[in-house]
Each structure stands twice: as structure tokens, then as C-alpha cells.
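Protein chains in written order, with the working numbering: chain A, 1 to 102; chain H, 1 to 503; chain P, 1 to 147. Even for Gly, the Cβ is constructed at its ideal location relative to N, Cα and C.
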């Protein structure tokens, strides 16, 4: 069986769905962030696959590099904020951090 | 890329370069003179002023910057035009106001050790916004949105030891990262269909290519999720009240004005460059048949302003109330875009100009009062109007203007919006917007009622703002009145700026 | 003549021989005094046995965050590294500007004390001195009416 574009798209769509599922169902902030990373990587697979199979040039692969860097930057900032949350609230449960609601 | 074209591109983005250099200068200054924080706002203001003057001098410049190799000249990562120049001037001017605003906010000045980071990150945001405003390539759109977001996540939680700051940062981060992730997935689908990330290429594709309607609808909705989050429009607005209430108030004002302006500029350019086939003689845009932007925007606009106005009715925290009010204003401005004509965009530009002045003004006075009485709760405002006459009157002017009652500038903004709507035969929509304005009157006037008519249970403190702060309030309050009567300058400026390069 | 892969093979053989010979010589000349601590499995200074769910010092996370950023930024240098020669001195300068900005970031971390294991104390004004001053001049204690 030849591995083609559609295989990559199936994988990326599955990753996207898993990511959205993780964001919606998880209570731990770190797990939510992992879900977001999955979404970013789903898009990344799409970019590389389209760029390879569509003969669109290197635009998609350059985009993939940028996304890797941005995902790392986002993860760093996110973890720093979560560390801070842990210091003030002593837990990182997203559902229970709701002082501002009324 | 040829060296010559690189130089041309660099000269087109001169204001952005000035901002980047100022950012580095601030970091280095903070490193070398560790204990001299007084100079930081001054340095920032100088950098912004130079960028503003450069931008104002290049108001009518047009061109594509950073065109890829071997492509015809009507491609580029960035499009420089007078439409972008309008929003850049708005962002730069708002940033200058915010720099002064921050330097008087107690909440910010408490963390003395990290003030250098504060101003650096503000410049990160400004840089992100400026690239967002002129980006005409999906790669750059995503990168600039992220640059803006990452800086603002940190700023929203700047005073690390306050619970509500931390919570605001976390909520902003989770919503923001999620929606920008969805936007990225949408962009990847568009790239797969079009074979390029350029908006002009997208437009060409939509007019000629074979289109899978289902895929393009999905991908555009995903992209709109990212932009809608930035302008806090209806289904993506949940973060707004919490973040606006929790963040330091200068950042709240900055997010509600500049960040929103950049988001709107991005949305307008995305639709104008990506989807408009041609513009007819009366200035109405004829869109490609693939996606009904007008219907989507009208529904979202009505939803946004209704939700914003009705939620604002029972808010007791002024910051939170202004947050809902800013959601409602995003709804009005989306209506201006939904007209899909040059006149509609003109209305958005005029509205934004006025909205920036009055919104920063309102937040500034809330900040001055919070610095003194340590609360933003409406019950603590009882009888304050007589103890702080000038602040009370100015807050009254800003709130009346936010409602849109003549003779304030807010009325002019709404007037042009309704003219654009009526011209496009969208009477029903205009009536809904008008009813919304009536609703908004209640919660704006309620603040004034508390300030002047409610008898305070305890004697309120006397508030005497310093001379500089008074001047700052007047700089914002006087134009709010003057532009309500003599508004030709704004109109001329905006008319000059409804021009897109290369479409 | 050797093929390209042949050269790599020769290189590989030399590398293996070098390692084997140096270990053998080291064994001949070094003293052997094993203690309990020395015989333990080496694992980055952590206790090798026991539950993995211990709490790590929070400084590990901060160092990891800083490392993560600088580690990943290098990715952006790869595309530049293969093409900068085509653009002469300007292509080179573009990369240098990027590296200078990164270096400023590094200097910032250093100066702010985030690279030190024991973090220097933040520069907080001495409260006792201020209080003494205020006690000496009591009229300044009242909050000024100024905002």
C-alpha cells in the first residue's frame, strides 16, 4: 500500500480531534496545554504533507519550522504562568480557578 | 531575493524597524542602569513618537514588502497602504497614551524590579499589532497574532502576587492558545487548497480554481475563530470580562483599544484582499460566491452587541462593565464591516478613532479613582462626583460619548455607522443596533447616578489628581466634545485612508 | 579508491579503536578505590531508587524553560545556514542580527539572576529605614491626596 496525502490528513485530523477532546475534558491546566500542542502539531503535519504532495515549494516546510519555534515559546510562557498559578492557588485545576466569576 | 528589493522592503517598514530597535534599546537600558526606572517611560515615548512621525510622513506610501523570489510584483508578505497607515497611527498614538497611563498606575509600579520587562513587552505587543495590520500572507498573519498574544499573556498577569492577575493570565492563555491553534489548522487547510499562503493568491484561486465548498467553509470558520478571539466577538468572547477585570488596568485599556484595532484591521484586510472579486461604482464589494461573509458577520455582530450590552446591565465592577461595553462596541464595528462597502469601512475607521479616545479616557479615570480608594466597585463611587468634580464630569463625558448621545464624539461614530447601514438597505439591522444603544444607556448612566445622586453611607474621600494627570484627562476629554461638533478632520483623515494597495 | 561510505567506515573504526584503547590505558594507570557512593547508578544528582513522583525543586523548571527557548530558536538558523552564502555579506549580517538579539536575551537572563541556582535577592527598598524616617518626620505618614 502506498502512503499518500490522505493518510497524512487522517493522522492530522485524528490529532486535531484528540487535541480538542483534551482541551475540553481535562481539568489540569498542563493537560489542557498538551491538548493545544496536539492541535498545533496536527496543523504542522498538514503543512508538511501538503508541501510534499502538492508540489507547492518550500513555503509549508518553512511554516512548519516557525510553528515548532512558536509552540516552544508558547509552552514556555504557558508553563511559567501555570507555575505562578500553582504558587498562588496551590493547584492547577482549571475548573476551580474562578475567583473572577460572579 | 534581490538586494535592491530587500532595501525597498526595509524602507517600507521603517516604523516597524524603529519599534524593534527601541525594544532592544529598552532591554539594554534596563540591563545597564538597573535602578533607573524613571527613564523607561520616557525612552518608550520617544521611540513611539519617532515611529509615529515616520508613519505619518509615509501616509500615502503603497507597496508590497518582502515579495518572494520569482513571483510577479503583486505578491508580498506585507502590504503597505494608507488603510494600514491609519490603523498604525491609531495603535502608535494609543500606545503613547498607554505608556503615560502605565507610569501612573500603582498596580504596575508596585513591581519595581520588573518594570523593564513591562515596557519591553508593551513594545512586543506594538510590533505584533503593526505586522498584523499590514500582513497579507497567512504565515505572517499567524506569526504576528502570536507575537501579540504571547506578549499580552505575560502582561495580563504582570503583578504576579495578585490572585486575579494570575487567573486573568491563565484564562487569556488557554482561550488564546486554543483559538490560535484552531486558526492555524484553518490556515493549513487553506494552504492545502490554494498551494500558497498569500491572500492575493487565495483571491485568484477563489475566482478560477475548483473549490470544495465544505472544506473552505470549515477552514474559514476556523480562521475566523482566531480573529474573532482577538476582537472578542460573540462566540469567542468568554475570556474578555475575566481578563479585563483581572489584568492591570493599563493593560486592560491597551487590549480593549489597540489589540482590538489590530484585530479589526486584520479581519478587514483578510476579507478585502482575499475575497472581494470587484468593487462596483458605488463602493459596494462583490464577494466571491464561496462563502457568505455578510450573513456570518451580521449574525455575529448582532449576537456580540446584544450579549455585551445585556451582560453589562448587572455588573457592579466598573472594569468588568467596561469590558462588556467593549464587547458591545466590537459588535457595532462588525456591523460596519458587514455592510461590505467602502462606506462601511469608513464608518469603522471613524468609529475606531473616537472609540480609542473615549475608552482610554474612561479607563484612565477608573484607574485614578482606584489608585485612591482601592476599589472599582460601583457602590464605592457613591457621591464621588462632588468630591472630584473634574474627574466626575470627564467620566460623565466619556460615558455619554460611549453611549453615543450628541454632542459628543461617540454620536458621530454611530451616525456614520447607521448611514452606512441605511445606504445598504440593512434597515432591520440598523433598528436592532439602535435598540441596543438604548439598552446601553442604562448601564452607562447608572455610574453617573451613583456618582451624583446616591447618598453615600460614609463620607467619600477627596480626590485631587496631580497636574499631569489632569492635563492627560483634558487631552482626552476635550477632543471627545470637540469632535462631536467639528468632526470634519477625522472624516477627511479616514476618507483619505480607505485605500487598499494592489486590489 | 575508497567510496564516500568507505571513508565513513574507516572513520568509524578509528573512533571505536580510540575509545577502546583509551579505556584500556585508563584501566592500567588509574587507582581503584570503590566506595558505596561511587558504585551507585548515576542519575543527574537525584536518588536512583524510590518513587518517581517526588517533587522537584522549582528551579529545575525555570532552567528547563530557559533552555527550551534557546534550544528551539536554533531551528531558525538551519534554513539560514544553507542559503546565506548566496546573498554575500548581507545574508551573513541577517543571521548575525538574529544571533545578537538572542545574545541580548541571554544577557538579560544572566543579569536578572535566572541562571544562578541560588537566586539573588530582589532589590527591595529597606523597609526599616523608611519607617525610621517616617517616625522622625511624622507628618509624611498620611497618604498624600495626590491620586
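Local Cβ density within 10 Å of residue i, reported as buried at 16 or more and exposed below that
i	result
residue 161 of chain H	exposed
residue 319 of chain H	buried
residue 492 of chain H	exposed
residue 93 of chain P	exposed
residue 333 of chain H	buried
residue 78 of chain P	exposed
residue 342 of chain H	buried
residue 90 of chain A	exposed
residue 444 of chain H	buried
residue 7 of chain H	exposed
residue 506 of chain H	Lying outside 1 to 503, the shown extent of chain H, residue 506 of chain H is not represented and no answer is given.
residue 496 of chain H	exposed
For residue i, the first and last residue of its enclosing alpha helix (DSSP H)
i	result
residue 547 of chain H	Outside the displayed span of chain H (1 to 503) sits residue 547 of chain H, for which this structure offers no information.
residue 244 of chain H	239–246
residue 84 of chain P	Where residue 84 of chain P is concerned, there is no enclosing alpha helix (DSSP H), given that its DSSP letter is neither H nor E.
residue 35 of chain P	Per DSSP, residue 35 of chain P belongs to no alpha helix (DSSP H) and is neither H nor E.
residue 69 of chain P	58–73
residue 78 of chain H	Counting along the chain, residue 78 of chain H falls outside any alpha helix (DSSP H), though it belongs to the beta strand (DSSP E) covering 78–80.
residue 442 of chain H	427–452
residue 504 of chain H	The question about residue 504 of chain H has no answer, for chain H in this structure spans 1 to 503.
residue 225 of chain H	213–230
residue 60 of chain H	No alpha helix (DSSP H) holds residue 60 of chain H; DSSP gives it neither H nor E.
residue 342 of chain H	342–373
residue 387 of chain H	384–387
residue 18 of chain H	14–32
First and last residue of the uninterrupted beta strand (DSSP E) at residue i
i	result
residue 13 of chain A	Careful: residue 13 of chain A lies outside any beta strand (DSSP E), inside the alpha helix (DSSP H) at 5–25.
residue 42 of chain P	No beta strand (DSSP E) contains residue 42 of chain P, which DSSP labels as neither H nor E.
residue 286 of chain H	285–287
Residue i versus residue j: straight-line alpha-carbon distance, rounded
i	j	result
residue 139 of chain P	residue 166 of chain H	Confidence in residue 139 of chain P is poor, its pLDDT being 45 and thus under 50, which makes the residue's placement unreliable; the coordinate value appears in the next sentence. Each residue's Cα considered, the two are about 37 angstroms apart.
residue 9 of chain A	residue 71 of chain P	29 angstroms
residue 43 of chain A	residue 114 of chain P	34 angstroms
residue 241 of chain H	residue 248 of chain H	13 angstroms
residue 120 of chain H	residue 26 of chain H	6 angstroms
residue 147 of chain P	residue 107 of chain H	Caution applies to residue 147 of chain P, whose pLDDT of 41 falls short of 50 and renders its modelled position unreliable; the model cannot decide the point.
residue 146 of chain H	residue 432 of chain H	35 angstroms
residue 49 of chain H	residue 415 of chain H	32 angstroms
residue 144 of chain P	residue 371 of chain H	Unreliable placement is indicated for residue 144 of chain P, whose pLDDT of 41 sits below 50; no coordinate value is reported for it.
residue 224 of chain H	residue 294 of chain H	13 angstroms
residue 306 of chain H	residue 417 of chain H	17 angstroms
residue 33 of chain P	residue 68 of chain P	39 angstroms
residue 98 of chain A	residue 92 of chain A	12 angstroms
residue 73 of chain A	residue 143 of chain H	12 angstroms
residue 173 of chain H	residue 480 of chain H	34 angstroms
residue 13 of chain H	residue 297 of chain H	31 angstroms
residue 21 of chain A	residue 237 of chain H	20 angstroms
residue 142 of chain P	residue 452 of chain H	The pLDDT assigned to residue 142 of chain P is 42, lower than 50, so where the model puts this residue is not dependable; a value taken from the coordinates is nonetheless given after this. C-alpha separation (whole angstroms): 28 angstroms.
residue 468 of chain H	residue 97 of chain H	13 angstroms
residue 472 of chain H	residue 104 of chain H	11 angstroms
residue 1 of chain H	residue 501 of chain H	Any reading at residue 1 of chain H is ruled out, since the residue's pLDDT is 47, under 50, leaving its predicted position unreliable.
residue 100 of chain P	residue 10 of chain H	19 angstroms
Chain P contact residues for residue i, given Cβ-Cβ distances below 7 angstroms
i	result
residue 31 of chain H	107, 108, 111
Neighbour list for residue i in chain P, Cβ cutoff strictly below 8 angstroms
i	result
residue 92 of chain A	Those do not exist, as residue 92 of chain A stays about 13 angstroms from chain P at its closest Cβ, beyond 8 angstroms.
residue 28 of chain H	104
Listed by chain order, chain A residues near residue i by CB distance under 7 angstroms
i	result
residue 72 of chain P	68, 69, 72
Proximal residues of chain A, C-beta to C-beta of residue i below 9 angstroms
i	result
residue 117 of chain H	By Cβ distance, chain A contributes nothing, its closest Cβ being about 12 angstroms from residue 117 of chain H, past 9 angstroms.
residue 61 of chain P	79, 80, 83
residue 154 of chain H	77, 80, 81
residue 83 of chain H	Those within 9 angstroms of residue 83 of chain H in chain A number zero; the least Cβ separation is about 26 angstroms.
Contact list for residue i against chain H, beta-carbon separation under 8 angstroms
i	result
residue 75 of chain P	Near residue 75 of chain P there are no residues of chain H at all, since even the closest Cβ is about 14 angstroms away, more than 8 angstroms.
Neighbouring residues, chain A, relative to residue i (Cβ below 8 angstroms)
i	result
residue 65 of chain P	76, 79, 80
residue 79 of chain P	62, 65
residue 68 of chain P	72, 75, 76
residue 89 of chain P	By Cβ distance, chain A contributes nothing, its closest Cβ being about 23 angstroms from residue 89 of chain P, past 8 angstroms.
Chain H contact residues for residue i, given Cβ-Cβ distances below 7 angstroms
i	result
residue 10 of chain P	Per Cβ cutoff of 7 angstroms: no residues; residue 10 of chain P is ~41 angstroms from chain H at best.
Within chain H, the residues that residue i reaches when beta carbons sit closer than 9 angstroms
i	result
residue 18 of chain A	Correct list: empty, because the minimum Cβ distance to chain H is about 13 angstroms.
Interface residues of chain P facing residue i [CB-CB closer than 9 angstroms]
i	result
residue 184 of chain H	Those do not exist, as residue 184 of chain H stays about 17 angstroms from chain P at its closest Cβ, beyond 9 angstroms.
Chain P contacts made by the segment 68–84 of chain A, where a contact means CB separation under 8 angstroms: When C-beta distances to chain P are compared with 8 angstroms, the residues of the segment 68–84 of chain A below that value are 68, 69, 72, 73, 75, 76, 79, 80, 83, in chain order.
Interface residues of the segment 226–251 of chain H facing chain A [CB-CB below 8 angstroms]: Residues 241, 242, 245, 246.
Cβ-based contacts, 7 angstroms cut-off: residues of the segment 33–67 of chain A near chain P: Cβ contacts with chain P: 62, 65.
Residues within the segment 7–24 of chain H neighbouring chain P, beta-carbon criterion of under 8 angstroms: Near chain P, meaning a CB-to-CB distance below 8 angstroms, the residues of the segment 7–24 of chain H are 24.
Cβ-based contacts, 9 angstroms cut-off: residues of the segment 3–35 of chain P near chain H: Answer in chain order: no residues at all.
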